[in-house]
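Colleague: Structure in structure tokens, see below.
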Amino acid sequence: MAAHHVFVTGGTGYIGRRLIPAVVAAGHVVTALVRPGSETR
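Counting in our numbering, the sequence shown runs from 97 upward without gaps.
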């Protein structure tokens with residue numbers, strides 16, 4: 097399966113924090129949009 101590039105808004109929010117690891121584990125590339133000053137882990 098070909099890797100897709102996925103753009104996620106709200107990467108540090110409730111859903112983004114759970115969605116991003118799952119998408120990466122599936123072999124896709126993620127770019128996340130976060131607000132300035134957001135907690136990034």
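In this text, a Cβ means the ideal position worked out from N, Cα and C, and glycines have one as well. All of these numbers come straight from a predicted model, not from anything done at the bench.
1) Note down the Cα distance separating L129 from A98, rounded to an integer number of angstroms.
2) Exposed or buried, what is G107 when buried is set at 16 or more other beta-carbons lying within 10 Å of its beta-carbon?
3) Just to confirm before moving on: does the CB-CB distance between I116 and V126 stay below 7 Å?
4) Can you name, in chain order, every residue of its own chain whose Cβ lies under 8 Å from the Cβ of G102, other than the five neighbours on each side?
5) Which one of R114, G109 and H100 has the shortest CA to CA distance from G133?
Modeller: This is what the structure holds:
1) 23 Å
2) buried
3) yes
4) First, the residue type needs correcting, since residue 102 is Val and not Gly in the sequence shown. Excluding positions up to five away in sequence, the list reads V119, H124, V125, V126 and T127.
5) G109
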